[in-house]
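Asks:
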Amino acid sequence: QKEVEQDPGPLSVPEGAIVSLNCTYSNSAFQYFMWYRQYSRKGPELLMYTYSSGNKEDGRFTAQVDKSSKYISLFIRDSQPSDSATYLCAMRKGEYGNKLVFGAGTILRVKS
Amino acid sequence: EAGVAQSPRYKIIEKRQSVAFWCNPISGHATLYWYQQILGQGPKLLIQFQNNGVVDDSQLPKDRFSAERLKGVDSTLKIQPAKLEDSAVYLCASSFGQGGNSPLHFGNGTRLTVT
Numbered sequence: 019q020k021e022v023e024q025d026p027g028p029l030s031v032p033e034g035a036i037v038s039l040n041c042t043y044s045n046s047a048f049q050y051f052m053w054y055r056q057y058s059r060k061g062p063e064l065l066m067y068t069y070s071s072g073n074k075e076d077g078r079f080t081a082q083v084d085k086s087s088k089y090i091s092l093f094i095r096d097s098q099p100s101d102s103a104t105y106l107c108a109m110r111k112g113e114y115g116n117k118l119v120f121g122a123g124t125i126l127r128v129k130s
Numbered sequence: 021e022a023g024v025a026q027s028p029r030y031k032i033i034e035k036r037q038s039v040a041f042w043c044n045p046i047s048g049h050a051t052l053y054w055y056q057q058i059l060g061q062g063p064k065l066l067i068q069f070q071n072n073g074v075v076d077d078s079q080l081p082k083d084r085f086s087a088e089r090l091k092g093v094d095s096t097l098k099i100q101p102a103k104l105e106d107s108a109v110y111l112c113a114s115s116f117g118q119g120g121n122s123p124l125h126f127g128n129g130t131r132l133t134v135t
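Chains A and B, in that order, are what the protein sequence lines are.
Using the working numbering, the first residue of the first sequence is number 19, and each one after it goes up by one.
Using the working numbering, the first residue of the second sequence is number 21, and each one after it goes up by one.
Here is the structure:
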């Protein structure tokens, strides 16, 4: 069983839709949770990070962490064609030196 | 600020040949990472440096892969000899700290094709 599971998609939505991207994980030691966006032939770029459980909002993006269910989500409101990319969840266990573990990524396509 | 620089962008080699990748991290970032991203998968950590010391190389295939970070700045990753399954994008990343929510900044990677 992989430590981090993520549906690879592709997920295709019309412009303006609300998008929900999700990851599940098996290791309860994970404490720091991040979402990266990766455009084709580019490196991943950090979108959001959260520590432990709860919600965090940044513009059109909202990240949610439910540690009791070992489930994290990224919501994108008013999706735009420019949001078309691969979205990677990532998480790490502790403060120092623990490696960041990535999900496989979900391909998102927003149609205009 | 200038981002993480990697070269070359693309490399095609035959199996059993050797290849090297170069990375220049963001100025002032003490932690440097090499990740391998196979098509359709998320990045997998190969090696993590803190300054010029190795923090984690548990997933580095040491019989064929090697990496160094001289003077705690630039880094090179080498594969010798290459296998078909080494075809992937090799991503270099750097961060100011080495844990917690210290964000990783990635370069655009080197796409390696082994034929």
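Glycine residues also receive a C-beta, built at the ideal position from the N, C-alpha and C atoms.
(1) Mapping the DSSP letters down to three states, classify Leu59/B as helix, strand or coil.
(2) Does the CB of Leu97/B have a neighbour CB from chain A at under 8 Å?
(3) Could you check if Leu92/A is buried or exposed, using at least 16 other CB atoms within 10 Å of its CB as the buried criterion?
(4) For the beta strand (DSSP E) holding Pro32/A, just list the boundary residues, first then last.
(5) Below 8 Å between beta carbons: does that hold for Tyr57/A and Leu64/A?
(6) Using the Cα positions of Met109/A and Met66/A, report the straight-line distance between them to the nearest angstrom.
(7) What residue does the beta strand (DSSP E) around Ala73/B start on, and which one ends it?
(8) Taking only beta carbons into account, state which residues of the stretch 61-87 of chain B come closer than 7 Å to chain A, listed in chain order.
(9) Within the 8 Å Cβ cut-off, does Glu63/A reach chain B?
(10) Among all the DSSP beta bridges, which residues are the ones paired with Asn128/B?
(11) Identify the contact partners of Phe60/A in chain B, using a Cβ-Cβ distance below 7 Å as the criterion.
(12) Which of helix, strand or coil does DSSP assign to Lys91/B?
(13) Leu132/B CB to nearest chain A CB: under 8 Å?
(14) Nearest to Tyr89/A by alpha carbon, out of Met52/A, Gly27/A, Gly112/A?
(15) Rounded to whole angstroms, what's the CA-CA distance from Pro83/B to Thr130/B? Just pull it up for me.
(16) When we look at the beta-carbon of Ser135/B and count the other beta-carbons within 10 Å, is it buried (16 or more) or exposed?
(17) Going straight from the alpha carbon of Leu104/B to that of Val39/B, what length do you get?
(18) Exposed or buried, what is Lys129/A when buried is set at 16 or more other beta-carbons lying within 10 Å of its beta-carbon?
(19) Can you tell me which of Asp106/B, Tyr110/B, Gly62/B puts its alpha carbon nearest to the alpha carbon of Arg29/B?
(20) Drop a sphere of 10 angstroms on the beta-carbon of Lys117/A, count the other beta-carbons inside from all chains shown, and report buried for 16 or more, exposed for fewer.
(21) Please state whether the Cβ-Cβ distance between Leu145/B and Pro45/B is less than 8 Å.
Replies: Walking through what the data contain:
(1) Counting from one through the second sequence, the residue named residue 59/B turns up at place 39. Three-state DSSP puts Leu59/B in coil, outside helix and strand.
(2) In the second sequence, the residue the question calls residue 97/B occupies position 77. Cβ-Cβ to chain A under 8 Å: no for Leu97/B.
(3) On the first sequence, residue 92/A is found 74 positions in, with the first residue counted as 1. So Leu92/A ends up on the buried side.
(4) Start at 1 with the first residue of the first sequence, and residue 32/A comes out as number 14. Looking at the DSSP string, the run of the beta strand (DSSP E) that includes Pro32/A is 29-32.
(5) Stepping through the first sequence from its first residue, residue 57/A is reached at position 39. Stepping through the first sequence from its first residue, residue 64/A is reached at position 46. No, Cβ-Cβ distance for Tyr57/A and Leu64/A is not below 8 Å.
(6) Reading the first sequence from its first residue, position 91 is the one you call residue 109/A. Reading the first sequence from its first residue, position 48 is the one you call residue 66/A. Approximately 12 Å, taken between the alpha carbons.
(7) Locating residue 73/B in the second sequence gives position 53, counting from the first residue. For clarity, residue 73/B is Gly in the given sequence; the question names Ala instead. From DSSP, the beta strand (DSSP E) with Gly73/B extends over 73-76.
(8) Gln61, Gly62, Pro63, Leu65, Gln68, Val75, Asp76
(9) Here residue 63/A refers to the residue found at position 45 when the first sequence is read from its first residue. With 8 Å as the cut-off, Glu63/A counts as an interface residue toward chain B.
(10) Counting from one through the second sequence, the residue named residue 128/B turns up at place 108. In DSSP, Asn128/B forms no bridge with anything.
(11) Residue mapping note: residue 60/A aligns to position 42 of the first sequence, counting from 1. Sequence check: residue 60/A is Lys here, not Phe. Those are Asn128, listed as they occur along chain B.
(12) Here the question's residue 91/B lines up with position 71 in the second sequence. Correct three-state label for Lys91/B: helix.
(13) Reading the second sequence from its first residue, position 112 is the one you call residue 132/B. No, no contact with chain A.
(14) Here residue 89/A corresponds to residue number 71 of the first sequence, with the count starting at 1. When each option's Cα is compared against that of Tyr89/A, the closest is Met52/A.
(15) As a first step, residue 83/B is located in the second sequence; it is residue number 63 there, counting from the start. As a first step, residue 130/B is located in the second sequence; it is residue number 110 there, counting from the start. Reading off the sequence, residue 83/B comes out as Asp, not Pro. Roughly 21 Å between the two C-alpha positions.
(16) As a first step, residue 135/B must be located in the second sequence, where it is residue number 115. Before going further, note that residue 135/B is Thr rather than Ser in the sequence given. Per the 10 Å Cβ criterion, exposed.
(17) As a working note, residue 104/B is residue 84 in the second sequence. As a working note, residue 39/B is residue 19 in the second sequence. Each residue's alpha carbon lies about 13 Å from the other.
(18) Indexing the first sequence from 1 puts residue 129/A at position 111. When all chains shown are included, Lys129/A counts as exposed.
(19) If you number the second sequence from 1, residue 29/B lands on position 9. Per the Cα distances, Tyr110/B.
(20) Residue numbering aside, residue 117/A sits at position 99 when the first sequence is read from its first letter. So Lys117/A ends up on the buried side.
(21) Not covered by the structure: residue 145/B. The range shown for chain B is 21 to 135.
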